[in-house]
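Here's the structure, in structure tokens; my notes come after.
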Amino acid sequence: MASIIVRSKLISSMVKNRRANSEDIDAELNLKSTSIAELLAEDRDVDFKDIQSIAKYFKKPWSYLLLEHEETMPTIGRDHRTVRNVEASFSSDMLNESVWAEDYLDEAKELSEEGSSLSPTLPVEHTPAGVRDFFDISTDDIFKLRDDYAALKLWVRKIESTGVYVAQRRIPDETIRAYSTSKHGIVLIVVNTRDSAAARIFSLMHEYCHVLFNTTGLCDFDEHNTVETKCNRFAADVLMPAGDLAEKNDSYEFNLDLIKDEEHAIWLSRKFKVSQAAMFIRLLEKHYISEPTYRALERRRALRKAKKSSGGDYYKAKINAVGVKYASLVLDALSRGVINRKDSSVLLGVGEYSVVSFKENLRKNVE
């Protein structure tokens, strides 16, 4: 059977980049000609069948294992995640996501007109009130919107109008709620389409906090992490201002009837266009509900089946995946002759002959 020399430094870097354990990988792959543990120690001849198994595990083409240098880790920012208060692993899926994000930012720079500003405009006051004033969005504006999707669209538009790119896509690693990253002065926020629209709004504002305080990176919103806690509080203060919450709550008294408490809390979450989970936490932090009431509400929420929207059409999903700002940049480059239709289709993630329809749907989206 044909064999190929695999370099120890390449495998070592791939294992290290994913914070993986060689014993766990070996137990899963059951290689015949070698083991990951042996490859960590020295270069070895590896049977082609084992080469294919290793490549599949790391989600790489088999030819990738011919490289004679270490794997380069894309710079996506700080990793704020914890699992039981321990640093989380970095999956192959997420490494590929990091490559996508880096390519996205590189393309955004290349497609931008020469001399145009790449860095976003940020509020002078990095406070929740300063952010609301900067975006000129009041809670009354939010209350008038028909649903969470309308609110999400509004927040995305406002943030993108300042120069921040926003993409809504399915993040492959389930330990990551959202992330933000920057390169060339360009800032990208990615929120997860696994989440509801209301949850994405919170993620968006959480990541915007990271942008303001130069702590962009991977997020799970875990309260064990002080940076994550800070951005959770910041997002809650922007989306559910204490004064507006008190006014909308009026004179309702919690902790007397759980069913009524639940109905009222859900009503508040719908008014403010946030998730029930976010509202329950906010009510607890502001001492509207007791710890036992909060736990009871959370148990009941966990037992309910999450209602899923029928979602949008093909083009809406494609537009969200790259973001309106980036899509507009690509189509502008196409119209200026900087790129051709085939290149634009690759950047937009659609077929070459779907670019015209994509452009028409984008126009409708921004109207």
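Residue numbers (the numbering used here): 1 to 367. Every residue, glycine too, gets a C-beta built ideally from N, C-alpha and C. Since we're looking at a predicted model, the values are computed, not measured.
Assigned with DSSP and collapsed to three states, I54 falls in helix.
If you draw a 10 Å sphere on the C-beta of Y314, you find fewer than 16 other C-beta atoms in it, and that means exposed. Relative to V131, the option among P241, R194, D173 and P61 whose CA is nearest is P241. DSSP places Y353 outside any alpha helix (DSSP H), giving it a letter other than H or E. Under a 10 Å Cβ-count criterion, L303 is classified as exposed, with fewer than 16 other Cβ atoms of the shown protein chains found around its own Cβ. By the beta-carbon neighbour count (other beta carbons within 10 angstroms, threshold 16), V330 is buried.
Looking at D45, Y165 and N192, the one whose alpha-carbon comes closest to that of T175 is N192.
Per the C-alpha coordinates, the member of E107, D136 and S161 positioned closest to H184 is E107. Around the C-beta of A167, 16 or more other C-beta atoms lie within 10 Å, and the residue is accordingly described as buried. Taking all protein chains in view, the Cβ of D141 is surrounded by fewer than 16 other Cβ atoms within 10 Å, so the residue is classified as exposed. Rounded to the nearest angstrom, the gap between the Cα atoms of C231 and H210 is 7 Å. Annotation: the continuous beta strand (DSSP E) that includes S3 extends over S3 to V6. Inside the stretch 119-155, DSSP marks whole alpha helix (DSSP H) runs of 4 or more residues at positions 128-135 and 139-144, from first to last along the chain. Fully enclosed alpha helix (DSSP H) runs of no fewer than 4 residues occupy 242-249 and 258-272 of the stretch 237-283, in order along the chain. Taking 8 Å as the cut-off, the beta carbon of E70 is found closer than this to the beta carbon of L10. K183 is bridged by DSSP to I186. Pairwise C-beta distances place the stretch 150-170 in contact with the stretch 200-219, as three or more of them are shorter than 8 Å. Contact between I189 and V227 fails: their C-beta atoms lie close to 16 Å from each other, not under 8 Å.
T139 is not a Cβ neighbour of F280, given a cutoff of 8 Å. Straight across, the Cα-Cα distance linking R7 with D43 is about 5 Å. Sequence-distant partners of H264 (beyond 5 residues in either direction) whose C-beta falls short of 6 Å from its own C-beta, in its chain, are Y252.
L245 counts as buried, since no fewer than 16 other beta carbons sit within 10 angstroms of its beta carbon. The DSSP-derived three-state label of A199 is helix.
If the five residues before and after G243 are omitted, its C-beta is found closer than 7 Å to no C-beta atom of its own chain.
Between A37 and E23, the CB-CB gap stays under 8 Å. Straight across, the Cα-Cα distance linking V156 with I54 is about 40 Å. Looking at the DSSP output, Y165 sits in a beta bridge with L188. For V46, the three-state secondary structure derived from DSSP is strand. DSSP places T293 inside the alpha helix (DSSP H), whose first and last residues are E291 to L303. DSSP, read as helix, strand or coil, puts A20 in coil. Shortest Cα-Cα distance from T127 to any of D237, E285 and T121 involves D237. Just measuring C-alpha positions, the residue of T216, S196, A178 and A327 sitting nearest V187 is T216.
Between F48 and I4, the C-beta gap is smaller than 8 Å, which places the two residues in contact. At least 8 Å separates the beta-carbon of N30 from that of L95.
Apart from sequence neighbours up to five positions away, the residues of its chain that approach V366 with a beta-carbon distance below 7 Å are V324, ordered along the chain. About 15 Å separates the Cβ atoms of G351 and V322, ruling out a contact at the 8 Å cut-off.
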